[in-house]
Amino acid sequence: MIDYIRGELAELTPTEATIEAAGVGYLLCISLNSYTALQGKKEAKLYVYESIREDAYQLFGFASRQERKLFEELLSVSGIGGQTARTILSAFSPSELLQTIGSEDVRALKAVKGIGPKAAQRIIVELKDRVLALMGDVQATAGQKVAVSSPVASEATGALATLGFPPAAVHKVVTAILKDNPDLEVEQVIKQALKML
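Its first residue numbered 15, the sequence shown is counted upward by one per residue in the working numbering.
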């Protein structure tokens, strides 16, 4: 089992990071929280979760052990897979998610793509007891600011399309968000869009 990968950050997008270690490039699926933590860095260390299925082998990367632990807890909920867990961790910081679960905020969880009322209820019921233990461990990571320019819209649109949203709807929502708040970072645009799509 791979615990973490450390090396040169070869490529970074809001949904993926490629780390080169010992001449091998590892492609890791990441959340927006990890994306923010990695921005502007040449070297990176990501904690790894390996997802091995008959039809796929994926690596998920996390900037902290706490975020990986929360990802694993989400996977333990019936009906929640790796991509859905990553989408949830992109819509909330680990501390926000724990607070949402702890306060039984079904509405906030339902706002995430792929989470219906039943799934939101299951997450709360199955994880609420574990939230108290996790709350002591998880601390929100302050992200570096992203320079405001036209790439913000294209990065946000690309990330949302990768997560499976229709391009036309994504473009419309991202444009509306940036029209109202042109100074937003990529991560903030994507988080708002996830709640609107």
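The beta carbon of each residue, even a glycine, is placed where N, CA and C say it ideally should be.
query	result
Buried/exposed call for Ile138, threshold 16 Cβ in 10 Å	buried
When Ala51, Thr98 and Ile204 are compared against Leu123, the one with the closest alpha-carbon	Thr98
Contacts around Arg82, its chain only, beta-carbon distance under 7 angstroms, and the 5 residues preceding and following it disregarded	Tyr61, Tyr63 and Phe76
Pair within 8 angstroms by beta-carbon distance, Ala31 and Gly21	no
Gln80 vs Gly96 beta-carbon contact at 8 angstroms	no
Start-end ranges of the beta strand (DSSP E) lying completely within the stretch 34 to 68, minimum 3 residues	38 to 44 and 57 to 66
Boundaries (first-last residue) of the alpha helix (DSSP H) holding Glu25	Run containing Glu25: none in the alpha helix (DSSP H); it sits in the beta strand (DSSP E), Tyr18 to Leu26.
Start and end residues, beta strand (DSSP E) containing Gly116	Gly116 -> not in any beta strand (DSSP E); alpha helix (DSSP H) instead, spanning Pro108 to Gly116.
Spatial distance of Thr101 from Leu198 (CA atoms)	20 angstroms
Where Phe85 sits in the DSSP three-state scheme	helix
Ser104 vs Ser45 beta-carbon contact at 8 angstroms	yes
Exposure of Thr189, with buried meaning 16 or more beta-carbon neighbours within 10 Å	exposed
Range of the contiguous beta strand (DSSP E) that encloses Gly75	Tyr71 to Phe76
Which residues DSSP lists as bridging Ala133, in chain order	Paired residues: none, contrary to the question.
Straight-line gap, Ala183 to Leu211 (C-alpha atoms, nearest Å)	7 angstroms
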